[in-house]
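J.: Got a structure for you, written out below as structure tokens; questions coming shortly.
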Amino acid sequence: MSVKETRMFKLFFNFINNATFTFSLLLFTFLISEGEKKINFCCQGTLLRGQLQRKPFTL
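Position one of the sequence shown corresponds to residue 1 (the UniProt record's numbering), numbered consecutively onward.
Now the structure itself:
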């Protein structure tokens, strides 16, 4: 591969990486916030209640 092709490939690869990272970060954030609601709801009546009154997943 020529230098130009290599440079283009790296740029493309970086773009894909960043897009994937951003997307998974957004998805992760969404799942955490949804998960917190469900976990708080599910665990209100369980033995773990005392431990879970503090937020389950603080980042």
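C-beta atoms are modelled at their ideal positions from N, C-alpha and C, and glycine is treated no differently. Every value quoted in this text rests on a predicted model; they were computed, and no experiment measured them.
For F30 and S2, I'd like the C-alpha separation in whole angstroms.
T.: If I take the Cα positions, the gap works out to 42 Å.
J.: Specify the secondary structure class of S2 as computed by DSSP and reduced to three states.
T.: coil
J.: Alpha carbon to alpha carbon, how far is K38 from I16? Give it in angstroms, no decimals.
T.: 32 Å
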